[in-house]
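What follows is a single structure, written as structure tokens, with notes after it.
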Amino acid sequence: MEYTLEQVSKHNTPNDCWMIIHGKVYDVTSFLDDHPGGSQYLTDNAGIDATDAFLDVGHSADAVKMLDKYEIGICIDCKPSYAAVASIPPVQDKPMTSSSYAPSTNTNDSKKDQDKVDPAIVGSVVVGAISVIGLLAFGAFKLLSKNNK
4 MEYTLEQVSK
14 HNTPNDCWMI
24 IHGKVYDVTS
34 FLDDHPGGSQ
44 YLTDNAGIDA
54 TDAFLDVGHS
64 ADAVKMLDKY
74 EIGICIDCKP
84 SYAAVASIPP
94 VQDKPMTSSS
104 YAPSTNTNDS
114 KKDQDKVDPA
124 IVGSVVVGAI
134 SVIGLLAFGA
144 FKLLSKNNK
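Under our numbering, the first residue of the sequence shown is numbered 4, with each subsequent residue one higher.
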């Protein structure tokens, strides 16, 4: 089946909950009570393109596969269009740690993730910079003291 955004937008209640993810339309009404994160996350995104919200959570590969049984069609006027999206991108099966992360496809979040730096590295750079400044200041002091004699 093919649906428009307008058609999907009418299914936005706990008793009739549809959403769009990567151009595909899902009827998740029967899944509300079983959603591990609670039904609120689904109902908050009912009737809209929930692709960004879905990706931001970082679902497992099993969760992505689970979507198949709720798929009821495609959205024909979504952007990016369904034709441009071959499939939902793979996700990590293991939880993310502070030492490894998968960049978000949301352009607002990807810049934040790229700017994360290990605090130990920042500390080392700060100590190094202070040492260099101290040496330069000491050298300048010695040079000025020598010139004033």
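By construction, the Cβ of each residue, glycine as well, lies at the ideal position given by its N, Cα and C atoms.
Of W21, D36, L35, the smallest CA-CA separation from Y29 is found for W21. In the three-state reduction of the DSSP assignment, D59 falls in the helix class, which pools H, G and I. Taking the Cβ atoms as the reference, K13 lies roughly 7 Å from G50, within the contact range of under 8 Å.
Taking the C-beta atoms as reference points, T32 is found nearer than 7 Å to D19. Counted as a single uninterrupted DSSP element, the alpha helix (DSSP H) harbouring D65 occupies residues 64-69. Sixteen is the threshold: since fewer than 16 other Cβ atoms of the shown chains lie within 10 Å of the Cβ of V60, the residue is exposed.
For the 7 Å CB-CB criterion, G76 and E5 form a contact. Residues I24, H25 of the same chain have their beta carbon placed closer than 6 Å to that of T54, with the five preceding and five following residues left out of the count. Take the alpha-carbon of K145 and the one of N151: they are about 10 Å apart. Here L70 has I24, K27, Y29, I91 as same chain residues with Cβ atoms under 8 Å from its own Cβ, once five neighbours each way along the sequence are excluded. DSSP places I51 outside both helix and strand once states are collapsed to three, so it counts as coil.
Taking all protein chains in view, the Cβ of L58 is crowded by 16 or more other Cβ atoms within 10 Å, so the residue is classified as buried. In the structure shown, T16 falls within a strand segment according to DSSP collapsed to helix, strand and coil. In the structure shown, D30 adopts extended strand secondary structure according to DSSP, grouped into three states. Boundaries for I79: no beta strand (DSSP E) harbours it, and the DSSP string shows neither H nor E there.
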